[in-house]
Amino acid sequence: MRYAGEKKFNLWTVLTLLLLAAFLLFVIFPIGMLIVKSLLTGDGIDLSYFVKFFTKKYYWSALVNSFQVTVISTLVSCLIGVPMAYLLRSVKIPGSELLNILIVISYLSPPFIGAYAWIQLLGRNGFITRIINALLGIKFRGIYGFAGIILVFSLQSFPLIYMYVSGAMKNLDNSLNEAAESLGCNAFQRVTKVIFPLVMPSLLAGMLLVFMRVFSDFGTPMIMGEGYRTFPQMLYTQFMGEVGTNDGFAATMCIIVIIIALMFFFIQKFLGRRFTYSMTALKPMEAQKASGWRKITAYLVVYLVTFVAALPQITVIVTSFIGTINGSLFTGEFTLDNYRSIFSKGNLMAIKNTYLFGLEAIVVVVVCGILISYLSVRKRSTLTGVLDVLTMFPYIIPGSVLGISFIYAFNGAPFFLGGTALVMIISLSIRRMPYTIRSSTAIIGQISPSIEEASISLGASQVKTFLRVTVPMMLPGVLSGAIMSWITLISELSSSVILHNSSTKTLTVAIYSEVIRSNFGNAAAYSTILTLTSIISLLIFFKVSGGKDVSV
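All residue numbers for the sequence shown refer to the numbering used here, where the first residue is 26 and numbers rise by one.
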């Protein structure tokens, strides 16, 4: 949108060029370094690393394992998340607001925390394992390997499906459902033939995010796998291992991950466009009181699933107050020793870094998110179109791949950013910015351009109109999105564990390190602080947004 008398090269063009340069530097340049590392040698283009990967079963079998875990976890997440969204939207269930918070919190914590908690419950010496062995007289060896990985990923990923589908149902016109009922459709037919097709685009978007989250996670297979190797786990050990590391081969594996991610991203986009419907919720779907078997089933399913999903968080909080012997063996006595340990002088840095890096990254995310969304919607051009496309790359690239690419790009001349707080903040900002940009773009699309035109016609400049009119109107929605970005940002592990050093360690890195060292007492205390931070942030989100649930 260009106003009368507006110059072609102005402040907005300068901002576009600066933002474009930033994404070229921090997204395209690192990916380019991966390509150089994987393909180019002193003699030119060399495909030997790709040949090595696809000709040796040891490597490609890990990719097959990752696909198996990812596909099954995504399907199980859908089988749990879709019914949960439907039941909580269609049936009045006591305590639904609290249930919603518990469901969302179970998603916002890093998956490896769930893995650690389930080991405490169903490991070889887990609490539930001991009860099963005592009652049934068997020797249950614990839930490890493929089954354990699926359990953790499914229970921590279904809330994402729930949020997307719940958001779609919120905008569903219930008159369509009533029309189907009047035509003789039973409840099952209405769900499968009316509701399910209408929420399909949102379901596909949620499935893509679940797929990418599961496919790129290495912490859970590392903790629970016990010989079941996945691709991210192999990539991490190939790059970070003490022996046998190969930068070129690690870069090649990163390129393979990016290609797979792009492939599924475009598949999701194609299917999303094909199944997209335009809806106006003139009569929104409202929860109704249920009776009989429907009430019993709905209550049983919702309460049971929520309890099982929240059980790892409950376990972590409880065990954080139980003493340990050498950090790994719980004594059963309640104490504050674990908190005294993490709040000692040497261990406080991870907590401080998490809040400091997170707040600085959120400022960058909000400022850039508002500017990019405004430029993409109000100042459309070839440059802003390119910028809009570039902002989607961090949405697709897994965190571990981004971390490795940053190491290749910024650990040497002329940048020397390796191990600094700055590279951690940039990584966190880049990882979470696409979500804020998309939500800000949706918000600014709802603001009529006539309001800005009226301000300009009264003598205000475009910049003043943007700062005094557009930004204040966007701010409530942007702040709500920023709070949700903050919650996911402080839970980031995959890139932080690669980029950190002893002085830039964050809470998630500290938790992961303590779990790997079997120092479960400290890990539980750190995890509790992260969980409580997420809960408080979520309550602030409800206050700012004025809503009672989280839907996407």
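Cβ coordinates follow ideal geometry from the N, Cα and C atoms, glycine included. Since the structure is predicted, the reported quantities are computational estimates derived from the model, not experimental observations.
Sequence-distant residues of the same chain with beta carbon closer than 8 Å to residue i, five excluded per side
{"i": "I285", "result": "F240"}
{"i": "F289", "result": "L233, F236, M237"}
{"i": "F78", "result": "Y84, W85, F274, T277, M278, I281"}
{"i": "T255", "result": "A87, N90, S91, V94, I174, F243, P246"}
{"i": "I56", "result": "I283, F418, I422, S430"}
{"i": "T360", "result": "F346, I347, G348"}
{"i": "F545", "result": "Y141, Q145, T344, T349, G352, S353, F355, E539"}
{"i": "Q313", "result": "S115, V116, K117"}
{"i": "L42", "result": "L408"}
{"i": "F440", "result": "A434"}
Contacting residues, own chain, Cβ-Cβ under 7 Å from residue i (five flanking each side not counted)
{"i": "L396", "result": "L40, L44"}
{"i": "N158", "result": "K164, F165"}
{"i": "V494", "result": "I476, E477, S480"}
Alpha carbon of residue i to alpha carbon of residue j, nearest angstrom
{"i": "K81", "j": "R238", "result": "26 Å"}
{"i": "Q293", "j": "V414", "result": "16 Å"}
{"i": "S207", "j": "F382", "result": "56 Å"}
{"i": "T99", "j": "S179", "result": "7 Å"}
{"i": "T245", "j": "I342", "result": "19 Å"}
{"i": "P20", "j": "T490", "result": "With the chain covering only 26 through 577, there is no way to say anything about residue 20."}
{"i": "C103", "j": "G69", "result": "46 Å"}
{"i": "I387", "j": "K377", "result": "15 Å"}
{"i": "A549", "j": "T533", "result": "11 Å"}
{"i": "G162", "j": "T154", "result": "11 Å"}
{"i": "V522", "j": "S91", "result": "20 Å"}
{"i": "R405", "j": "D242", "result": "36 Å"}
{"i": "A193", "j": "M499", "result": "22 Å"}
{"i": "N363", "j": "M509", "result": "29 Å"}
{"i": "S559", "j": "W85", "result": "37 Å"}
{"i": "I347", "j": "E358", "result": "5 Å"}
{"i": "L384", "j": "G139", "result": "25 Å"}
{"i": "L64", "j": "A276", "result": "9 Å"}
{"i": "A46", "j": "I53", "result": "10 Å"}
{"i": "L524", "j": "I476", "result": "45 Å"}
{"i": "V488", "j": "Y420", "result": "29 Å"}
{"i": "T553", "j": "V503", "result": "28 Å"}
{"i": "L402", "j": "T38", "result": "Position check: residue 402 holds Val in this sequence, whereas Leu was assumed. Taking the straight line joining both Cα atoms gives about 14 Å."}
{"i": "I512", "j": "N35", "result": "36 Å"}
{"i": "S264", "j": "G424", "result": "Inspection of the sequence shows that residue 264 is occupied by Phe rather than by Ser. In a straight line, the C-alpha of F264 is about 14 Å away from that of G424."}
{"i": "V268", "j": "Q258", "result": "Confidence in V268 is poor, its pLDDT being 49 and thus under 50, which makes the residue's placement unreliable; the coordinate value appears in the next sentence. Roughly 15 Å between the two C-alpha positions."}
{"i": "I248", "j": "A446", "result": "27 Å"}
{"i": "A205", "j": "F213", "result": "11 Å"}
{"i": "L112", "j": "Y132", "result": "19 Å"}
{"i": "F291", "j": "F75", "result": "23 Å"}
Simplified DSSP state of residue i, which is helix, strand or coil
{"i": "I350", "result": "strand"}
{"i": "I70", "result": "strand"}
{"i": "Q471", "result": "coil"}
{"i": "T217", "result": "helix"}
{"i": "L208", "result": "coil"}
{"i": "T356", "result": "strand"}
{"i": "L373", "result": "coil"}
{"i": "L579", "result": "Because residue 579 is not part of the residues shown, which for the chain are 26 to 577, the question remains open."}
{"i": "L65", "result": "strand"}
{"i": "N35", "result": "coil"}
Own chain residues within Cβ distance below 6 Å of residue i, not counting five before or after
{"i": "P135", "result": "S516, L518, T533"}
{"i": "I472", "result": "M498"}
{"i": "M278", "result": "L260"}
{"i": "F355", "result": "I347, T349"}
{"i": "T461", "result": "V390, G394, G506, S510"}
{"i": "A29", "result": "Any reading at A29 needs caution, since the residue's pLDDT is 48, under 50, leaving its predicted position unreliable; the model's value is listed next. Nothing meets the Cβ criterion."}
{"i": "S464", "result": "G506"}
Whole-angstrom C-beta distance between residue j and residue i, which should lie under 8 Å
{"i": "F152", "j": "L146", "result": "5 Å"}
{"i": "I126", "j": "W143", "result": "Not a contact, Cβ separation roughly 21 Å."}
{"i": "T416", "j": "F48", "result": "7 Å"}
{"i": "T409", "j": "L400", "result": "5 Å"}
{"i": "Y253", "j": "F171", "result": "5 Å"}
{"i": "S528", "j": "M374", "result": "7 Å"}
{"i": "I128", "j": "A315", "result": "Incorrect: roughly 19 Å between the Cβ atoms, too far for contact."}
With three or more C-beta pairs closer than 8 Å as the rule, is the stretch 387–403 touching the stretch 452–459? yes
Answer yes if the stretch 50–63 comes into contact with the stretch 203–221, meaning at least three C-beta pairs across the two stretches below 8 Å, and no otherwise. no
Do the stretch 424–434 and the stretch 352–367 touch if we need at least three Cβ pairs shorter than 8 Å? no
Does the count of Cβ pairs from the stretch 526–545 and the stretch 319–327 closer than 8 Å reach three? no
State whether the stretch 106–120 contacts the stretch 173–190, with contact taken as three or more CB pairs (one from each stretch) at a distance under 8 Å. yes
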